Amino acid sequence: MFNDFDDDAMTEFYRFIRSQMTKHFPFLRGDMKMSTFLSMVTFRPDELSVLQRMCHTDPAPDPGRTPYAALLYLFETEELGGTSFFSYWKKHGLLKEVEAMELEEPDKAHEFLLANFPTFSEHAKYMTESNEIAELLCTIPARFNRMIFYSGRIPHNAAITAPELLSKDCRKGRLTLNVFADVLPK
């Protein structure tokens, strides 16, 4: 679930990202466009679409621009899960086909995944470990008020190992502030 966030309210947060991240990553000193969303993961595994059961990369910006993301954990129950990062997809071409199919015919995409990826014959779950899709590189544990910053080109997803703890109550659920930066490197 995403909610658009007022850019005026984010001025100081954007300033923090620009000042702190450009110290560590000088290539970010170019033009940077940012957008912000509040996000709350609420789906049980059996409610996930086929694409939500896999790691993903962030949408590609315009040519010559690079996607980055900052995520701020706004929940205290660490068991709700951090963020996992994966190696690039093992069967990239097949997964691109699936993305296109999912937009046109979700049932066809699911059939294709069942035929090509054993993971999809198992019970539905969030991707939290290595499988035939991608290899897990690391998981950053959730901590209240921890912010992580990463390239949107690296496959990633929410590391939810205890989906029974998910809640639609923003005081108890897995609430995050997500900032997407579309950068023209300098």
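Its first residue numbered 177, the sequence shown is counted upward by one per residue in the numbering used here. Ideal Cβ placement from N, Cα and C applies to all residues, glycine included. Just so we're clear, the structure is a prediction, and the values are computed from it rather than from any experiment.
Local conformation of residue i per DSSP, three classes
| i | result |
| --- | --- |
| P221 | helix |
| Y244 | strand |
| S195 | helix |
| S297 | helix |
| L250 | coil |
| N292 | helix |
| V359 | strand |
| A334 | strand |
| Y326 | strand |
| A310 | coil |
| Y302 | coil |
| Y190 | helix |
| V274 | helix |
| L341 | helix |
| K284 | helix |
| G349 | coil |
Residue i and residue j closer than 9 Å at C-beta
| i | j | result |
| --- | --- | --- |
| F213 | N354 | yes |
| G328 | P243 | yes |
| L247 | M323 | yes |
| F261 | L313 | yes |
| P331 | R220 | no |
| L256 | V217 | yes |
| T259 | I316 | yes |
| A334 | R319 | no |
| A276 | V226 | no |
Residues near residue i by beta carbon distance below 7 Å, same chain, minus five either side
| i | result |
| --- | --- |
| N292 | L270 |
| P237 | P243 and D358 |
| T352 | S215, L247, L248, Y249 and L250 |
| D234 | P243, A245, G328 and F356 |
| M177 | Bear in mind that the predicted position of M177 carries a pLDDT of just 46, short of 50, making it unreliable; the figure below should be weighed with that in mind. Closer than 7 Å at the Cβ level, and outside the excluded window around M177, lie S215, M216 and T218. |
Minimum Cβ-Cβ distance from residue i to chain C less than 9 Å
| i | result |
| --- | --- |
| K272 | Protein chains in the displayed structure number just one, and chain C is not present. |
Neighbourhood of residue i by C-beta, 6 Å cutoff - its chain only, sequence neighbours within 5 removed
| i | result |
| --- | --- |
| K267 | none |
| D222 | A300 |
| S211 | F356 |
Paired residues, beta bridge with residue i - DSSP
| i | result |
| --- | --- |
| I316 | T259 |
| D207 | L360 |
| H232 | H332 |
Proximal residues to residue i (C-beta, below 8 Å), its chain only, five neighbours per side dropped
| i | result |
| --- | --- |
| M208 | R194, A357, D358, V359 and L360 |
| K344 | M216 and T218 |
| L224 | A300 and Y302 |
Would you call the segment 293–313 and the segment 219–234 touching, i.e. three or more CB-CB distances under 8 Å?
-> Flag = yes, the segment 293–313 and the segment 219–234 touch.
Below 8 Å, can you find three or more Cβ-Cβ pairs linking the segment 250–266 to the segment 275–294?
-> Touching, no.
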